[in-house]
Structures are given as structure tokens and as C-alpha cells.
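For the sequence shown, the UniProt record's numbering gives the first residue as 1, with consecutive numbering after it. Since the structure comes first, as C-alpha cells, the remarks are kept for the end.
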Amino acid sequence: MPLSLILAAAVVLGLVPVLLRRPDWAVFSMTLILGLNLSHVLAVEHGVGIGSLALFAGMAGLAVANTVVHGDRPTGMSRYLLAVTIWLLAVLNSAVWSWAPESPLKYLREFAPNVLLSAALLLLITDRTRFLYACYGLASAALILATLTVVQSAFGLWDQTFLGLAKHAMGNIIDEVDSLRPTGPIEDPNYFAQMLLPGLGLWLGVTIVARSLTFRLAAGLAVLIVTAAVLLTSSRGGVVALGLMVLFWLVRERRLGVIAFLAPPLLATLLLMPGYAERLVTTASSAIAAFSGEDVNEASVSGRLAEMGAAAQAFSEHPGAGLGYGTFQDFYQAQSVRLDLKLRSADRSAHSLYLEAAAEQGLPGLLALLVLIGLAYRAAFLARTAALRAGDTRLRAMIDALIAGATGLFAASLFLHDAYGQNVWIPLTLLFASERVTLFFPSFVTPNRKPVHAG
């Protein structure tokens, strides 16, 4: 084991008493670790495969200790538990009806750490301060990764991966043109762009709640750095999702006039980046051609359309339970040949979170996914209402920023399947947590809930 990992473990052990005393710092630290995808980095780059298990054990241990030290109680989690239960039942339903039930169960075991870490994080977030620190932790993770990416790209430090936090891969830019694309702590530039979006949304929120001009300018600089990192990935879906996220946030904050100031520099950046404008134009023209029934010549677009088409066909043929959770890629080659789609040289995934759920779990799985996301948004909007009624401007602004960031993430998921589940489940957890921390606001009243007073 590298000396750096041993030292890091020693530091973590030394911080245990501090984290027990300051649960808000503990939440910040855990969310930062999750946002940096450190367990994945440890497994892939350093051969340490117990990162997720150790992190879950640490978070669960802190949650148990907090019940004794700080009087925490596992209340306010019913909506989250309902959503996760519905999702899990849909997964198990697909396994029961699958041709090879052992495959969905195997994929579920591999995916389970994402859900367990999500539940452990939710248990740690019990009040307003901890929720805000969790948001700051996720935002800080995005800024760290983005800064490393920008530095790496600006100075051509492609041989320096910063302990695995700033990797890169050769990827297609346009037609036959390939170039190095940043992938952050994971292996795909498109998913890296997606994982930065919630943090970017939270930094937009910090620009609102910052109490001094200095902090507001610093938050604005963070927004620029994370935006630059998203653009450097050359992810078309990432850029589209970023635009939707920023527009959503501006509408929520009633700052549409800001578009007049943001649009020119962003458009100039897109035009000046090599191949980026052409890449977006090609994508748009390919989409128009596809909807018109014409042939799509751009390789990456035609490949994705083939994968999505295969997923849609699988859903139409198996609407009750799908092919089985996590098994679409095992069927892709045969499906593409049978349907005369673009044949890839390897097993491929659905390239859409929603089509993937439909193909693998049928209508129950698609509905379960939408219920999971919908209940998370419901929780966040209830929390936003509570913050407004309580006059808590800071909390309201951060919840709006979180909602905007999650919206960007789920928009990007139209073009990305569930390859890195942690990217989706951590923002989902924070959406659910926002309601949990406002349950004890005196003004939190909904049509079906009596007011709950602190104490």
C-alpha cells in the first residue's frame, strides 16, 4: 500500500474525535469524499477495493455515535424509504422474470454500495447546518476536480493525474478527429461533465447567499472554473444540460436579465474552443436527420441512436419486467443484428438512464425511477416552502441551487445510462435531506401534515 494512503488513513483516524464533536464537519468530509469519488479512485488507481465498505462503515458508525452524543433520531426518512423500496421492488421484479435471474442479482450486489452510502449520508444530515455543510462539501468536490482539470489542460500536464483525480482519455471530437478529453476521477468525459453539474449549481447558490463581496466574487470564480471544466470535456450532452440548469436557476431566482451578460462570453468560448461549435452543429443536424428518417453519418451520434433504439425495442418487447436489471449490454449485440442497427464491436449500454430502466426493468422500472426522482423533487420543494415561510433566505437559496444542479444532472441522464450510480444517488440524497432538516421548522405546514414545533 502506498505511503500516501497509509498517511491518509492515519489522518482519518486522528480526525475521528473531531468529527464526533463536530457533526457538521463530519457531513462536509463525507460528502466531499463521495463527491471526489475517492472509493472509485482507490479501487482503480491504487488497488484498494474496500474503499466503499470502509466509507460506509465510517458513516454508519458516525450515525450511530451521533444518536448517543448528539441525540440524533432516524426521523423524517419515510419519503426516502418509500422511494427506495419502490425502486428495489422494480429491480427484484425484473430479476424474477429474467431469463437469467442470477445476472440481475449480481448487478444489484455491485450497485448496492451506492444505495447504502446514500442512506448513511441521509442519516448524518439531521439539521439545517449539516445540510448546508453537505452542500458545501459537494460543491467543494466539484471545484477541486474542476481546478485540477483546468490546470492539467492549461499547462498540458497530461502525464500528471494528481493521484487519479484528474485523468484523461482519447476521445472523439468531430467525425474522424480525436483528442485528449478530461475524465476527472472516472473513465468517461461525458460522465465527468455530468458529475460536475450539481456542484456547479450549488456554487451558483453560494453567489446568492455569500455575505460579503469577497466571498461572492470567490463563488463567481468557482462557477467559472467548474463551467470551464465542463466545457473542456467536450461533452455535448453536458453543455446542453449545463445550459438548461443555468436557465432553470435564473428563472427560479428571477434573474433572467443576467442572461444578457452571460450569453456573449459563453458563446464566444464555445466558438473559440477547437471543434466545439462544429460538434454541436453536427449533433443538431444529426438529430434533425434522425427525426426525419434520414441516415445519420456522424459516427458517435448514429451509435448512440442505435443503442437507444435497441433499448426502446427491448422495452416494447418486454414491457412487464424488461430484460433484467443490468443486463441490457449482454443483449445488445444480438439485438442490434436482429434489428439491423449500427453494430458495435463490444457490448453497449442504453446510453440513457430512462431507456435503460425501461429496457431492463420494463414499465415498473421506468415508473419506479420516475417516482424516485419525483419524490426527491417533492421533498425539496416542500423544504423550499418551509424555508420561505421561516424567512430562511440562505437555506431557500441553497435548496433552489440544489434543485437546479439536480435538474442539470437528470437532463444529462437523457443521454447517459447509469454507469456511475454515485453521481445520481448523492444529489438525490441531498434532495431528500432538505425536507428532513425542515421538518422541525415551526412554519412547516402542508395540507396533510400538522405543524411540528421544535422541542
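Idealized CB from N, CA, C, for every residue including glycine. Just so you know, these numbers come straight off a predicted model, no measurement behind them.
Cut-off 8 Å between Cβ atoms - residues of its own chain near residue i, not counting five sequence neighbours on either side
i, result
"Val-150", "Ile-225, Ala-228, Ala-229 and Leu-232"
"Leu-143", "Gly-199, Trp-203, Ala-222, Ile-225 and Val-226"
"Ser-349", "Glu-307, Phe-328, Gln-329, Tyr-332, Glu-356, His-417 and Ala-419"
"Arg-73", "Thr-67 and Thr-126"
"Ser-153", "Pro-182 and Leu-232"
"Arg-211", "none"
"Ile-86", "Ala-368, Val-371 and Leu-372"
"Val-96", "Ala-321"
In DSSP terms, what residue i is bridged to
i, result
"Ser-179", "Gly-171"
"Gly-184", "Lys-167"
Spatial neighbours of residue i in its chain, beta-carbon cut-off 7 Å, leaving aside the 5 residues before and after
i, result
"Ala-43", "Gly-49 and Gly-51"
"Gly-220", "Thr-207"
"Thr-446", "For Thr-446, the predicted structure reports a pLDDT of 46, less than 50, and the residue's modelled location is therefore unreliable. A value from the coordinates is still provided. If we look at Thr-446 and ignore the five residues flanking it on each side, its Cβ neighbours are Leu-382."
"Asn-448", "Unreliable placement is indicated for Asn-448, whose pLDDT of 47 sits below 50; no coordinate value is reported for it."
"Thr-183", "Lys-167, His-168, Ala-169, Pro-189 and Phe-192"
"Gly-455", "No answer about Gly-455 holds up, because its pLDDT of 30 lies below 50 and its placement is not dependable."
"His-70", "Pro-23"
"Phe-56", "Pro-113, Leu-116, Leu-117 and Ala-120"
Proximity test, residue i beta-carbon vs the ligand GTP heavy atom, cut-off 8 Å
i, result
"Trp-25", "Absence of the ligand GTP is noted for the structure shown, with no ligands found whatsoever."
Cutoff 6 Å; reference residue i; Cβ partners in own chain excluding five residues on either side
i, result
"Lys-450", "Here the model assigns Lys-450 a pLDDT of 45, short of 50, so the residue's position is not dependable, and the following value carries that caveat. Correct list: empty, nothing qualifies."
"Tyr-107", "Tyr-325 and Gly-326"
"Thr-429", "Ser-118, Leu-121 and Leu-122"
"Ala-92", "It should be noted that the sequence gives Leu, not Ala, for residue 92. So the list is empty, once near-sequence residues are dropped."
"Arg-252", "Asp-400"
"Val-209", "Arg-394 and Ala-397"
"Ser-98", "Pro-104 and Gly-324"
"Val-41", "Gly-164 and Pro-185"
"Gly-139", "Before going further, note that residue 139 is Ala rather than Gly in the sequence given. Excluding positions up to five away in sequence, the list reads Gly-199, Leu-202 and Trp-203."
"Leu-370", "none"
"Ala-376", "Leu-428, Leu-431 and Phe-432"
"Arg-79", "Leu-375 and Ala-379"
"Leu-32", "Gly-137, Ser-140 and Ala-141"
"Leu-148", "Phe-162, Leu-165 and Ala-166"
"Arg-109", "none"
Whole-angstrom C-beta distance between residue j and residue i, which should lie under 8 Å
i, j, result
"Met-398", "Gly-137", "At roughly 12 Å, the Cβ-Cβ gap does not stay under 8 Å, so Met-398 and Gly-137 are not in contact."
"Ala-419", "Asp-127", "Not really, about 34 Å apart at Cβ, beyond 8 Å."
"Phe-28", "Ala-134", "7 Å"
"Arg-396", "Arg-384", "6 Å"
"Leu-414", "Ser-352", "6 Å"
"Ala-359", "Phe-410", "In fact, because the Cβ distance is near 18 Å, the residues do not count as touching under 8 Å."
"Leu-372", "Ala-83", "5 Å"
"Ser-94", "Gly-322", "5 Å"
"Ala-412", "Ala-241", "4 Å"
"Met-30", "Leu-116", "That pair is no contact at about 13 Å."
"Ala-311", "Ala-90", "Going by Cβ atoms, the distance from Ala-311 to Ala-90 rounds to 16 Å, so no, they are not a contact pair."
"His-318", "Gly-362", "6 Å"
"Gly-35", "Ala-146", "Incorrect: roughly 11 Å between the Cβ atoms, too far for contact."
"Phe-248", "Thr-407", "5 Å"
"Leu-402", "Ser-434", "7 Å"
"Arg-436", "Gly-76", "4 Å"
> Would you say the stretch 233-240 touches the stretch 192-199, given that touching needs at least three Cβ pairs under 8 Å?
Replying inline: Taking a cut-off of 8 Å on C-beta distances, the stretch 233-240 touches the stretch 192-199, as three or more cross pairs fall below it.
>> As an exercise, report each continuous beta strand (DSSP E) stretch of at least 3 residues that is fully enclosed by the stretch 369-396, in chain order.
In response: Listed in chain order, the beta strand (DSSP E) runs fully inside the stretch 369-396 amount to none, counting runs of at least 3 residues.
>> Taking contact to mean 3 or more Cβ pairs, one atom from each stretch, closer than 8 Å, check whether the stretch 59-68 and the stretch 93-110 are in contact.
In response: No, the stretch 59-68 does not touch the stretch 93-110.
> Taking contact to mean at least 3 C-beta pairs separated by less than 8 Å, is the stretch 150-159 in contact with the stretch 420-436?
Replying inline: Cβ pair count under 8 Å is below three, so no.
>> Give the list of continuous alpha helix (DSSP H) stretches no shorter than 4 residues that lie fully inside the stretch 57-142.
In response: Given a length threshold of 4 residues, each whole run of the alpha helix (DSSP H) inside the stretch 57-142 is given here in chain order: 78-96 and 102-124.
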